[in-house]
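Enquirer:
Protein chains in written order, with UniProt numbering: chain Y, 1 to 769; chain U, 1 to 769.
(1) Take residue 157 of chain U and list the residues in its own chain whose beta-carbon comes closer than 6 Å to its own, dropping the five residues that flank it on each side.
(2) Return the chain-ordered ranges of every beta strand (DSSP E) run that is complete within the region 277-347 of chain Y and spans a minimum of 3 residues.
(3) Would you say residue 330 of chain Y faces chain U, with C-beta separation under 8 Å as the test?
(4) So, are the CB atoms of residue 342 of chain Y and residue 79 of chain Y less than 8 Å apart?
(5) Mark residue 315 of chain Y as exposed unless 16 or more other C-beta atoms lie within 10 angstroms of its C-beta, in which case mark it buried.
(6) So, under 8 Å CB-CB, residue 479 of chain Y and residue 569 of chain U are touching, yes? Tell me the CB distance rounded to an integer number of Å.
(7) In chain order, what residues of the same chain have a beta carbon less than 7 Å from the beta carbon of residue 460 of chain U, not counting five sequence neighbours either side?
(8) Under the three-state reduction of DSSP, which class applies to residue 69 of chain U: helix, strand or coil?
(9) Look at the alpha carbon of residue 113 of chain Y and the alpha carbon of residue 165 of chain Y, and state the distance between them as a whole number of angstroms.
(10) Got a sec: which bits of the region 563-578 of chain U sit with their beta carbon under 7 Å from any beta carbon on chain Y, in order along the chain?
(11) Return the chain-ordered list of same chain residues with a C-beta closer than 7 Å to the C-beta of residue 455 of chain U, the five sequence neighbours on each side being excluded.
(12) Sort U:34, U:21, U:590 by Cα distance to residue 41 of chain U and report the nearest one.
(13) How should residue 70 of chain Y be labelled, buried or exposed, when 16 other C-beta atoms within 10 angstroms of its C-beta is the threshold for buried?
(14) Answer yes or no: do residue 319 of chain U and residue 259 of chain U have a C-beta to C-beta separation smaller than 8 Å?
(15) Give me the residue from Y:726, Y:97, Y:748 with the minimum Cα distance to residue 756 of chain Y.
(16) By the three-class DSSP mapping on this structure, what secondary structure does residue 589 of chain U have?
(17) Mapping DSSP to helix, strand and coil, what is residue 159 of chain Y?
(18) Could you check where the alpha helix (DSSP H) with residue 641 of chain U kicks off and where it finishes?
(19) Relative to the alpha-carbon of residue 219 of chain U, which residue among U:213, U:231, U:625, U:615 has its alpha-carbon at the smallest distance?
(20) What does residue 71 of chain Y touch in chain U if you count any residue whose Cβ is under 8 Å from its own?
(21) Taking just the CA atoms, how far does residue 490 of chain Y sit from residue 67 of chain Y?
(22) Taking 8 Å as the limit between beta carbons, can you name the residues of its chain near residue 438 of chain U, skipping five residues before and five after?
(23) In this structure, does DSSP put residue 665 of chain U in helix, strand or coil?
(24) Does the beta carbon of residue 472 of chain U sit closer than 8 Å to a beta carbon anywhere in chain Y?
(25) Answer yes if the region 495-508 of chain U comes into contact with the region 543-560 of chain U, meaning at least three C-beta pairs across the two stretches below 8 Å, and no otherwise.
(26) Starting from residue 602 of chain Y and walking both ways along the beta strand (DSSP E), at which residues does that stretch end?
(27) For residue 439 of chain Y and chain U, any beta-carbon pair shorter than 8 Å?
(28) By the criterion of Cβ-Cβ separation under 8 Å, what are the contact partners of residue 482 of chain U in chain Y?
(29) Give the range of the alpha helix (DSSP H) segment to which residue 436 of chain U is assigned.
(30) Given this structure, state the Cα-to-Cα distance separating residue 397 of chain U from residue 358 of chain U, to the nearest angstrom.
(31) Count the CB pairs spanning the region 597-605 of chain U and the region 536-544 of chain U that are closer than 8 Å, and state whether there are at least three.
(32) What first and last residue would you give for the alpha helix (DSSP H) that runs through residue 142 of chain U?
(33) Going by DSSP, what residue range makes up the beta strand (DSSP E) through residue 723 of chain U?
(34) I'd like the span of the beta strand (DSSP E) that includes residue 699 of chain Y, first residue to last.
(35) Is the separation between the beta-carbon of residue 27 of chain Y and that of residue 679 of chain Y shorter than 8 Å?
(36) At the level of alpha carbons, what is the spacing between residue 109 of chain U and residue 305 of chain U?
What follows is the structure, encoded as C-alpha cells:
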C-alpha cells in the first residue's frame, strides 16, 4: 500500500517525482473518453520505468494463446487489448541534449488529474545533466465532446539559459504489447505522411484487419504568439514526426499545442480514413485548444450532474469515490453497443478482452442509476448481438438446440480465455447475463426489451442450463457437476450452490418472460418460437422438472446453504486465525493448498444472496453471512462491495464501512501492489454500489426506489444522483435523515425507511431519521 | 490403426515404401542400448516427412515452461529429452545428384529390425530423377556390448551406370527439438575437428552444461577391398563431414563402414572427452564391424535368455511380445542408477522427462523378473538419491518436517510438470514409489535394502500423506481433498479411493518397516531417527490415528469402493452404449464434458485392487471389476494390462486376452495414431505383465512364486523366463499343464494351481492342468 496521492476533493495530485511510483501514476492518471484512452505517459522522452499505453476501444488482436497442455475445446486465440499508436510524444532537446526526467535532477514535479473538468496537468522543474534548468507545464485530455480527438498543450520555459530548444512532436505507431505471447508486433503499417504542420500513420492489425489512422497537427507559440518555424519532417517505420528548432530566451515560454485524432475502420471505410482524419484535425485545430478544453469541462459537468457523489467530512473518501466514478465514465459512455467495459479500461493492457461477467454483475447497477437508459440497454444489446457466437461456443462444448454459453472473456463474442477450470466451468457468468436483463427491466420498466431481445437471450441461456445439469439416479435429483463458482479458489466442484441457484432462476425467469411476451405480444412470440425452434411443451416441461427437482447443497446443522458438495470436509480455520505472514494466500500458498482450503476469494453463496435477496429472510441472510464472511479473504477487488451491501442490510455498519474502504482507494493507494498494470475499473462500480446500495440501502421494489440509509460515523453527510424512470433525484443522507431532491418534471414514489413517500416534480422531500 | 508390418517371429519387417508411414516406422524401428538411442532415420538425405531423433540418456535441457496462467508452486522449467548430434548421416551423391528417397522412384524397399541380434537393416532399390538406379543395403546398431558406440555398414551398388559416387559421412549437431517451447536451440558448440578418416563435434547444453562428444571414423570398401580415397573435410556450425568421391562401376558394390561414439560429461571430465572419444573410436574401428555385430548378437542372446517369451501358434502375438521386450531392453539396462525409463525411451522426444510413476507401477515388475536384481535396485536408488529434492518439492507446496513429494515428471528429481491438477494433485505417484520398495523386497527378499535406503524414502512419503490429509470435523474422519487419481479424466476430486487407500497403506508399511529395522538393526535405525529427526511416538501415533480414522468412499448399495465422492452423481451410461462416433472421448469431447462424465481413462479403483489384491476377497474384486470396467474407456496405454490381470484372476479369459491384444501391438499397428511421436515404452511392460501376471497368473506370496495359468484359446503354448532369488526358471504353459525348467543351481518352491511344488536345481517340473 502506498500513500503518496494528495487528498483533494476534485483532483488527484502527485507531488514530487519518485520513479518507483511512475507506472502506478501512469495508471491512476490515465485519460479516456469511452472511444480511446491512454496511460499517463510523459510527452517528452523518458528512459526510466514506464508502461506505454494507448488504446482504441474495440480494436483488438487475437494473439495465439499459450498453454501448457492443450485441452479439447480451448479457443486458439486470446483477444488482446491492443497498444495502439502513441500520439502523446513530444521529444524535447535543449541545445541538443534530450530532456528526460530519468536523467535529470527533478527539482519539483506535480501531476494532477482534474476530474471535474477532465484533464491531466503536469508541471515540473528539472535540471539536465549539463545543468540546464527548464520549467514545463503539460495539459492534455481525450475529448469527451468529440471522442475521436484529444489535445496537448506543452509549455517549456528555459530558466537559466538561452539557446536552441527543439521540439519533435510525433505519432509513433511502432509499439508492442507487453503481454504479447510470442513477442510479435500486432500492427502493420498501411501508409503514413508528414504534412507541413503534422502528419499521420495508418496501421492495420494483423489477422483482424482493423485499420486505425492516427494523426496530429500542431502549432507553436513563442511569447504567446503563434509562429511558423521551419520544420524538418522525419519518417520511420510506423512513425512520423516534425522537428522544430527554436531560439529560446531565458525566462520566455515556448508552447506547442498538439491536436490529435484516432479514426478507426470500425466506423469508416478504410479508404476514407485519411481524408476524414485530416478533416477532423483541421476542425479541432481551427477550434483551438482553449475551446476544446472548455467543451471538455462542459461535457464532464454534464456527467457529474448525473453521477457525482458528495461526501462531507471525509476528503479522502470524497476523492476516492469521485476517482472511481471518473474512471468508469472514462471507460464506457454507452454510445456504441459494440463496446464494453474492460477490466482495466484504458489504463493498461492486462487481462485482454473487454468483457467479463463484471459488466453485468457490477457495472450495470452503476450505469442504470447514473446514465441514460440507453447506456445499459447498449450493454445488453452487446450480448444480444453475440448470441449467435454464444450458441456456437456451447456447440463446441457439446451442447445442442440453441443452448448458449456466453464466453468468460471476449471482444466480439468469441471465447478467448483458456484455462479449463474457468473457460469451461465458470459458467455462472451465463446467469449474470440473464440477471442483468431482469435487473434492467426491473429498474427501467422497459418491458418491450424482453420481447424484442431479452427473451431470445434468456432462452439460449436457459437451454444451456437445462442441458448442463444431469439427473443423478443416486440422489433422484438434478445435479450440476464440474463447475467453478465466483469463488475461483475452488475449481471443478460439484453442485456449487450459487451456480445451481442462478441456473434454476434463469429457467424460471425465462418461462415467466415467455408467458408475458406470449400474452402481451403473441405475434412477436410466435416469431421467436419459429426463429428458435422452441418446443415450448417439452422444453419448458424440462425446465419445470429441473426447477422442481434440483439439488442444492444445504447444511441442516448450521442451516446454511453449502457453497458446494464437500465444503464442510475442509479444515475450518477462520481467516482471522490465519497468520498475517500467510496472506494474501494467492501469493503465499501453492495453488493446491488454496484449493483445499476453506478460504473464499470473493462472494459466492453471498453473491446469490445479494442477487436474490428478496427470496431470503433476514435470519437466513445473517446465518450465511456469519458463516461465509469469516472464511472470505477478499482477494478479488470484486469481493468487498457485495459484503458491504449485505453487512449494511444486516445493520453491521462498521463492517459495511470497512468493506467500502477496501476498494474505494484500491488504486489510489495501490493496495494490492498491482495498480502499475492498470486500474481495477469494474470493481470501481462495486465501490459505487457499496455507497448507494450499501450505505443508502437503495433497492428497486415493484417499480419503486426504496432507501434504508445509514451514514458512516466519520462522515457528516453524503449525497448522490439517481436517474429513475425519468426522474432525476439527488439523495442526501445526513445524521438527521434523508433529503431527496427531484430535478425533473417526473413525480416519483419512493420508500424511505420502509414508508412510501412521494417526491414531487422539481421538489424536495425530507424524511427524518 | 495400420497393418503394414509383416509378421515374423523375430523380426519387424516393413516392405515397400510408403512415405506416410515413415515417421511411424522411424519410431518402431528405433535402436537403443540404454545409454543412447535413435529413431530409424535414413542415413542418406531425406527431404520427405521425418522426425529426426538421436538421444543420449540422462542429457536433458530445462526448457522454460509455457503455461497460460501461472499458478503458485509451478516449476519454471520442463526437462526435455534432448535431440542430440546425429551420427547416422551419410549423404550420397550419384554423379552429383543427391540420393533422396523422397525424390526417387522406389522400386523396392525393405526395413527390418532384427530383434534377436539387435540391428536394423534396410535395403532398397531406387531410381533417381535422372534415371540412375542403385541398390542400397544399410545395417546399423547401437552396441549393447559397448554402450557408448554404434556402427553402420552402408553398401551401395550402381545398377545401370558407372560414374562418380560421393559419400559424405557426417556428424551433424545442428539439431532442434520439435517440442522446444520457444524455438530455441538447446546446444552450443564447444569444439569440433575433422580428422583423416572421421571427425567429431563436442557440444554443450545451454543451462545444464552437459557436454557430449560425438565422433565418427569410417572406412571404405570397394569390391570388398578397403581403399583409402582422398577425402575433403567439411566443417560447418556444429557439423563435421568428409566428402569422398569414388569411381563406381555398374554392378560393383561400394561400402562405407561408419563407427560412431557418444561420450558424455556425465561420465568423464569435459577436458578428457575428445581424447577418450578418439580412443573409443580407434578401439571399435580396430575391432571392426563384423566383430562388433557379433558382440551385439551375443549381448542380445544373453538378454533373451532371461526375458524371452515364446508363444506357439500365433506369429503376430509372438512378434508383438518380443517387440515389447526388445524395446524395454533398448531403453533401460539398469547399469546406471542415474537413469530411468522415459515414456518414449529413445524413440521420440514427446513428454520430456525420463521418469514417471509408470516406472514403479509398470516397469518394476518386468525388470524384477527378467533382469538381475541390481537393475530394479538401481531404479529404487534413483528415487533414493532424489529424496532431498522430493522433500524440497513438498516444502515448496507448504509441507514440512521432511515430508517428501516425488515429482510427477523428472530428470534429476526436480519437478518439471506444470498443470496444477496433475503436478500438485496427482499425488498417488508417491504411493507407487513406496509400493515399488515393497514389491522389490517381496520379490527379492533383499530386506537389507529397507534399512539402508528404503525406510528413509518411506518415511518421507508417509510424512507427506500424514500432512496431506485433514481432519473433517463434519465427518469425524480424515479426508483427502483435491486430488487427481490414476484416472486423469477426473481432476481435483475429494477422497479418491485409490489415493486414500495407498496413502494409509504407505503409513502402515512405513511403521512395519521401521519396527523391523529397529528390531533387527537398532544402530542403523538410531542413525536414521537422528538423520530424519523422527519423533516416533508423535509421528507414528498420528500415522496410526489416520490409519484408524481414514474415510474411504463406499457405496453400500452396490458394495463397491467409490472412485471418489460424488461419483454416483454422474450420468451412468456404459461405454458400450456410447456411439462409436464419440470415441475416443479425448478427441471427440471437450475437456469439461470428459470430466463430468463417468468415463474412466485407466484403472483407478482397480489399480488399488491390483496392488493390494491380497486384502480383498474374490467377490469384492468381482463387484468392483464388474462396476468399473464397463465405465472404462482405456484411453491410456497403461489401462488394459491391469484389467487383463484382474480379468484373468476372475477367470474371464476372453476379456483378459482382449485386453492383452489392446496393447501388445499398440505401436506395431499404430492403434492410437500416435506412434509417429515415439513408442509407448512403459506400457510395453504392461503387456509383459498381462502375459505373466495375467495369463500365467504369477504372483509372489510369502517368498514363493505362484502360478494360476490359463492359455488363450488361439495359442498352443507360451513360455517365459523368470529370475527369482537365484533360480532361473522357464515356465511353459500349454493346454496340458505347466512345465517349469530350472536352469540354475538354486532349488525353489512354487505354488502351481494352488499346490506347493518344488523345482529342483537344474531340473524340470511338470504339473498337469
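Where is the CB? At the ideal position from N, CA and C, for every residue including glycine.
Expert: Let me spell this out:
(1) 135, 253
(2) 309-312
(3) Output row for residue 330 of chain Y: interface = no.
(4) no
(5) exposed
(6) 5 Å
(7) 387, 390, 391, 402, 403, 404
(8) coil
(9) 27 Å
(10) Cβ contacts with chain Y come from 565, 566, 568, 569, 570, 571, 572.
(11) Taken in chain order, the residues that qualify are 513, 514, 517, 528.
(12) Here the closest residue by C-alpha is U:21.
(13) exposed
(14) no
(15) Y:748
(16) coil
(17) coil
(18) Counted as a single uninterrupted DSSP element, the alpha helix (DSSP H) harbouring residue 641 of chain U occupies residues 639-649.
(19) U:231
(20) 590, 591
(21) 20 Å
(22) 509
(23) In the structure shown, residue 665 of chain U sits in coil (DSSP, three-state: anything other than H, G, I, E or B).
(24) yes
(25) yes
(26) From DSSP, residue 602 of chain Y is part of no beta strand (DSSP E); its letter is neither H nor E.
(27) no
(28) 592, 595, 596
(29) DSSP places residue 436 of chain U in the uninterrupted alpha helix (DSSP H) bounded by 428-444.
(30) 23 Å
(31) no
(32) First-last for residue 142 of chain U: 133-142, but that is the beta strand (DSSP E), not the alpha helix (DSSP H).
(33) Here the beta strand (DSSP E) through residue 723 of chain U covers 717-724.
(34) 699-701
(35) Taking 8 Å as the Cβ cut-off, residue 27 of chain Y and residue 679 of chain Y qualify as a contacting pair.
(36) 32 Å
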